[in-house]
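Have a look at the structure below, then the notes.
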Ligand code: A2P
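In our numbering, the protein residues as written are 287 to 561.
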């Protein structure tokens with residue numbers, strides 16, 4: 287007699303699409319929901335996948351003949367065995383509306399090439415490195431702040447993270463809290479990293495857009511540090527398109543020049559991609 291195994295209805299209805307060519311199919315290892323707008327997840331890392339800390343990669347789901355891919359900054363450092371991402375949930379977003387439903391064991395697609403401008407090699411050495419982020423724009427800095435190369439080039443790291451409310455700041459707070467205990471870079475980071483978190487829509491002790499807090503000097507007062515200067519500092523910027531423009535204008539007005547891999551200089555900018 288032929289044995290027929292029971293198949294759950296939802297599994298039977300799930301269409302299996304072929305994995306597109308030149309794409310890695312990786313397994314979700316863990317998922318963490320921070321708020322109804324933000325979540326992070328970790329996936330297995332293909333052995334052949336190489337990237338520089340701070341770069342992004344195109345991500346998709348195997349849920350269509352031609353899956354939708356979106357650029358995602360890799361939030362884990364280049365030495366990590368897994369890949370970590372920090373994502374917004376857009377209710378009608380072509381990718382994130384589905385991506386937010388992933389659970390461990392699911393498959394995530396990864397294009398093979400990573401790229402990006404938020405890399406340490408695009409900056410010349412200096413005393414302090416400012417990483418200025420809003421929302422999920424903190425992701426590339428989560429990678430860079432766990433990379434030993436960052437500490438070879440800069441004495442101090444100041445990470446700023448601005449979100450609408452307090453709960454959205456959790457990812458950054460945990461990132462910094464966990465640095466000291468990290469067996470690879472814990473010792474290296476000791477006393478050299480400062481997190482400056484602010485909110486704009488919920489009342490907290492530190493409020494305001496980072497642009498305003500730089501312009502009115504509150505950032506420097508709160509941290510007891512000297513103002514931004516191209517003689518001592520380098521700046522990396524990641525957030526929404528308007529935030530990028532405003533922070534870029536602000537640092538250019540202070541004499542900073544934009545750098546690239548071919549011409550390293552004082553600051554670099556990368557858009558936090560969503561969709
Ligand atoms: P605000 O609440 O005043 O808009 P979002 O979640 O919409 O991506 O925003 C993340 C954070 O970035 C919010 O705190 C938001 O402040 C802030 N922000 C938005 N636009 C700018 C800008 N042009 N310059 C600086 N910060 C900004």
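Note that beta-carbon positions come from the ideal geometry of N, C-alpha and C, so glycine has one too.
Handout entry: Identity of the residue in 414, 401, 326 and 324 nearest residue 516 by Cα
Key = Nearest C-alpha to residue 516: 414.
Exercise for the section: Evaluate residue 444 with the Cβ neighbour count: other Cβ atoms within 10 Å of its Cβ, from every protein chain shown; 16 or more gives buried, anything less gives exposed. Expected result: So residue 444 ends up on the buried side.
Exercise for the section: Would you tell me roughly how many angstroms separate the C-alpha atoms of residue 290 and residue 312, rounded to the nearest one? Expected result: Legend: pLDDT at residue 290 = 42, less than 50; position of this residue unreliable, no value from coordinates given.
Handout entry: Three-state secondary structure assigned by DSSP to residue 320
Key = Residue 320: coil per DSSP, three-state reduction.
Exercise for the section: Output the boundary residues of the beta strand (DSSP E) element that contains residue 307. Expected result: In this chain, residue 307 is not harboured by any beta strand (DSSP E), its DSSP state being neither H nor E.
Problem - Any non-hydrogen atom of the ligand A2P closer than 7 angstroms to residue 520 Cβ - result: No - the ligand A2P has no heavy atom lying nearer than 7 angstroms to the Cβ of residue 520.
Handout entry: When 339, 321, 319 and 508 are compared against residue 407, the one with the closest alpha-carbon
Key = Ranking the options by Cα distance to residue 407, first place goes to 339.
Practice task
Compute the minimum distance between the beta carbon of residue 372 and the heavy atoms of the ligand ADP, and state whether it is under 7 angstroms.
Solution key: Of the ligands one can find in the structure shown, namely the ligand A2P, none is the ligand ADP.
Practice task
May I ask you to list the residues that DSSP assigns as paired with residue 330?
Solution key: Note: residue 330 is bridge-paired with 368 in the DSSP secondary-structure output.
Exercise for the section: Give a single yes or no on whether residue 517 has its beta carbon closer than 7 angstroms to a heavy atom of the ligand A2P. Expected result: Flag unset: Cβ of residue 517 not near the ligand A2P.
Practice task
State buried or exposed for residue 482, treating a residue as buried only when at least 16 other CB atoms are found within 10 Å of its CB.
Solution key: Buried, since its Cβ has 16 or more Cβ neighbours within 10 Å.
Handout entry: Neighbourhood of residue 543 by C-beta, 8 angstroms cutoff - its chain only, sequence neighbours within 5 removed
Key = Cβ within range, chain order: 516, 551, 552 and 553.
Exercise for the section: Just mark residue 477 as buried or exposed, buried being the case when its beta carbon has 16 or more other beta carbons within 10 Å. Expected result: Exposed.
Exercise for the section: With DSSP collapsed to three states, give me the class of residue 439. Expected result: Residue 439 sits in a helix when the DSSP states are folded into three classes.
Practice task
List the endpoints of the continuous beta strand (DSSP E) containing residue 351.
Solution key: Here residue 351 belongs to no beta strand (DSSP E), and DSSP marks it neither H nor E.
Practice task
Taking only the alpha-carbon atoms, compute the straight-line gap between residue 519 and residue 382 and give it to the nearest angstrom.
Solution key: The straight-line gap separating the alpha-carbon atoms of residue 519 and residue 382 is approximately 36 angstroms.
Problem - Sequence-distant residues of its chain with Cβ nearer than 7 angstroms to residue 412 (five each side left out) - result: Counting only Cβ-Cβ distances below 7 angstroms, and skipping sequence neighbours, we find 440, 518, 519 and 520.
Practice task
Determine the DSSP secondary structure at residue 446, reduced to helix, strand or coil.
Solution key: In this structure, DSSP gives residue 446 an extended state, which the three-state scheme calls strand.
Exercise for the section: Please name the residue or residues paired with residue 479 in a DSSP beta bridge. Expected result: Bridge partners of residue 479 according to DSSP: 443.
Handout entry: residue 319 burial status per 10 Å Cβ neighbour count (16 or more: buried)
Key = Flag for residue 319 reads exposed.
Exercise for the section: Let me know the secondary structure DSSP gives residue 542 once reduced to three states. Expected result: For residue 542, the secondary structure class from DSSP, reduced to helix, strand or coil, is coil.
Problem - Assigned exposure category for residue 473 - 16 Cβ within 10 Å defines buried - result: Residue 473 is classed as exposed because its beta carbon has fewer than 16 other beta carbons within 10 Å across all chains shown.
Exercise for the section: Under 6 angstroms Cβ to Cβ from residue 398, same chain only, skipping five residues before and after it: list those, please. Expected result: Cβ neighbours of residue 398 beyond the five flanking positions: 308.
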